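Working notes, beginning with the structure itself.
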Amino acid sequence: MSGASQFIGKTLTIGKHTVTVKEQIGEGGYAWVYRVVDAQGQEYAWKYVNCLSREKFLQFKKEADVLQSIPPHKHIIKLFDVSYDQNRFIINFLFELAPQTAINILSKRNMTREEILIFFAAICEATAFLHAQNPPIIHRDLKPENLLVASDGIPRLCDFGSATTKIYQVANVKEINEASDDIEQNTTPNFRAPEMVDLYKRVPIGPAADVWALGCTLYKLVFRQDLYKIEERLPILQGKLNIPPDTDKDFANLLKMCIQVDAKRRPTAARLAEIATNLRGDKTTIALPPKRVDPPAGAPRPSGGAPQAQEGGVMGWFSSIQETFRSVVAQGSEGWVVKATFGDNNPPVSKYVRRIIVDSIRHTNVDVNQITDFILTQRPWQSDARIAAKCLYLVSLLTQYQANLTSLVPVTVKTDQIMAFFSQGRSDESMKGAVSVINGLCVLLRTKLMLHAAHPELEGNLYIADGKTSDKLPEDAVKYAKAVIECSRNLLKSAKAAKDFSAIVMCQPAIDETLHAARLLNKVSPEQGKDAIEDALKLLNEAQGLPYLASAIDYPESPDKLGVPTPRFVAAK
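Letter 442 of the sequence shown, counting from 1, is numbered 442 in full-length UniProt numbering, and no numbers are missing.
So, in structure tokens, the structure goes:
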């Protein structure tokens with residue numbers, strides 16, 4: 001059973017609250033979010049965080065510590081309860097349920113002036129409240145994505161995992177290095193203030209950085225796009241601010257107040273809250289979508305409509321993220337690609353990976369050929385093996401979620417170039433895990449795309465689309481399975497030897513492909529492929545015992561329940 005679905009219908013206790021899990025409503029890099037209800041029918045949001053390491057456990061615990069340390073505030077998300085499993089590094093948060101979000105509205109339409117002011121006044125009031133604490137709390141991740149709307153219609157600020165009370169003076173190289181690592185881990189690049197981008201200017205980093213982010217937030221609320229692109233540095237350092245001449249003068253003035261290169265010239269969050277509240281007037285609530293009504297137990301699911309991905313396996317991640325899919329429209333696939341392929345030691349951030357795959361399936365903005373071209377030609381993979389590894393990881397996953405891969409065969413030219421580039425010893429020992437991923441996934445992609453070139457009837461997960469197979473498929477399927485198993489085994493072995501968690505995460509496409517290949521053999525050549533199927537099951541068993549891989553893949557419950565490839569895409573009725 002996949003990590004995304006194993007809790008549905010279960011009853012659990014979080015602190016003093018006993019709740020029943022109804023549905024998954026979101027997912028982040030380490031967390032799953034579910035809608036839950038108690039015996040009285042009160043709804044909550046349960047955030048289940050599998051931190052995987054002590055370092056991440058302490059980071060997520062900080063969110064609970066911050067929320068529990070401050071008095072309640074009408075514009076800050078309410079935490080009802082929290083529980084910890086320190087042995088397994090798991091944290092359970094029980095939040096109030098927020099049925100609407102700012103980014104959901106932005107993904108559909110322009111906000112009204114009234115809505116913008118309601119959201120902006122709310123986030124400014126919440127930020128001012130944090131800054132008024134002793135010592136001041138700096139949120140450090142203010143953006144529309146962290147603006148929710150609670151069941152009373154009032155906006156709430158969420159996500160306090162990046163919050164800090166530390167004000168960096170950046171007076172020496174040691175503190176600059178410390179601040180650099182902290183900022184890289186805990187802030188969104190294109191919402192960073194100039195003093196966070198160029199630390200060598202030695203400007204103290206404190207509450208004023210939040211005010212800059214408030215300006216970036218307002219810009220996005222008004223124009224439905226980011227003020228700065230994800231990798232832009234110079235425009236931020238220059239305080240570049242392009243405001244169309246027909247912009248509401250009140251919004252233009254607020255933006256000019258916030259986007260000041262000199263941190264001392266920015267207003268306080270309290271001053272912004274005062275201005276925004278006066279402009280807003282008495283209206284303080286946002287309209288909510290219709291309340292969700294749970295169907296009776298055993299009721300059939302509705303069918304029909306546009307083609308959609310079926311549930312099951314990793315695809316189960318996507319079945320309940322309609323809002324994530326819609327937010328892609330507002331964000332753009334290229335931005336998600338950049339966020340998913342940063343050159344750092346962290347694994348690719350799964351929420352961005354999912355958004356890219358959803359976009360490729362739905363063809364919302366661009367097709368898969370355009371996305372893969374951007375990944376392999378526009379990302380600076382030559383500069384960092386970690387970027388290259390993440391790019392290949394992303395492309396490998398994309399291939400598994402397409403109905404036809406014929407047009408992607410030329411990708412092998414670029415993957416061969418990447419493999420050749422890093423085979424020349426261009427990376428040091430610290431990049432050992434990333435290089436092993438590069439080698440493994442380049443081989444996997446070439447092997448996979450050659451199979452699909454010979455057998456275009458196969459979908460990305462090796463389902464036979466039209467039910468018709470060529471005479472050569474059984475033989476080719478055996479050869480393919482053996483090649484994939486060998487590739488996956490070597491990749492997993494190298495990642496484990498490097499003791500690189502990120503590399504282990506990026507083994508996922510190879511393990512997925514091993515499962516798909518075994519299921520294809522079970523369909524077209526169970527006797528001839530018997531040995532390969534056994535080898536595949538051994539490898540799957542090994543992968544199932546590793547962090548992340550244990551929950552990221554929908555493993556068969558037992559060898560006799562391996563199954564066969566099933567359709568991932570269904571036609572409209």
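Even for Gly, the Cβ is constructed at its ideal location relative to N, Cα and C.
Model, not experiment: these values are computed from the prediction.
Beta-carbon to beta-carbon, L405 and L449 are separated by about 6 Å, close enough to satisfy the 8 Å threshold. DSSP places L227 outside both helix and strand once states are collapsed to three, so it counts as coil. Residue state for V33 is assigned as strand, using DSSP reduced to three classes.
Non-local beta-carbon contacts of T514 in its own chain, meaning distances under 7 Å to residues more than five positions away in sequence, involve V484, I485, S488, A536, L539, L540 in chain order. Where L237 is concerned, the enclosing alpha helix (DSSP H) starts and stops at 234 to 238. In the three-state scheme derived from DSSP, where H, G and I count as helix and E and B as strand, T11 is classed as strand. Annotation: L12 to K472 spans about 51 Å, alpha carbon to alpha carbon. For E178, the enclosing alpha helix (DSSP H) begins and ends at 173 to 186.
Counting C-beta pairs closer than 8 Å gives three or more between the segment 499 to 517 and the segment 545 to 552, which meets the contact rule. Annotated three-state conformation of Q24 is strand, per DSSP.
If you check the CB distance, L79 and L67 come in under 7 Å. S83 is bridged by DSSP to N92. Pairing K283 with I123, the inter-Cα distance amounts to about 15 Å.
A direct Cα-Cα distance of roughly 36 Å separates R140 from G9. Shown here, V484 sits in a helix according to DSSP, grouped into three states.
For K143, the CB contacts under 8 Å within the same chain, skipping 5 residues up- and downstream, are T188, F191, A213, C216, T217, K220 in chain order. When the Cα atoms are used, L394 and K256 turn out to be separated by approximately 38 Å.
Considering only F120, C442, L241, the residue with the shortest C-alpha distance to A270 is F120. Short of 8 Å from the beta carbon of D476, and not among the five residues preceding or following it, lie these beta carbons of its own chain, in chain order: L451, A454, H455.
Around the CB of S162, 16 or more other CB atoms lie within 10 Å, so the residue is classed as buried.
Contact between K47 and F95 holds, with the beta-carbon distance rounding to 6 Å and staying under 8 Å. For the set A179, K166, K201, T399, the Cα lying nearest the Cα of L462 is the one of T399.
Residue environment for E114: exposed (fewer than 16 other C-beta atoms within 10 angstroms of its C-beta).
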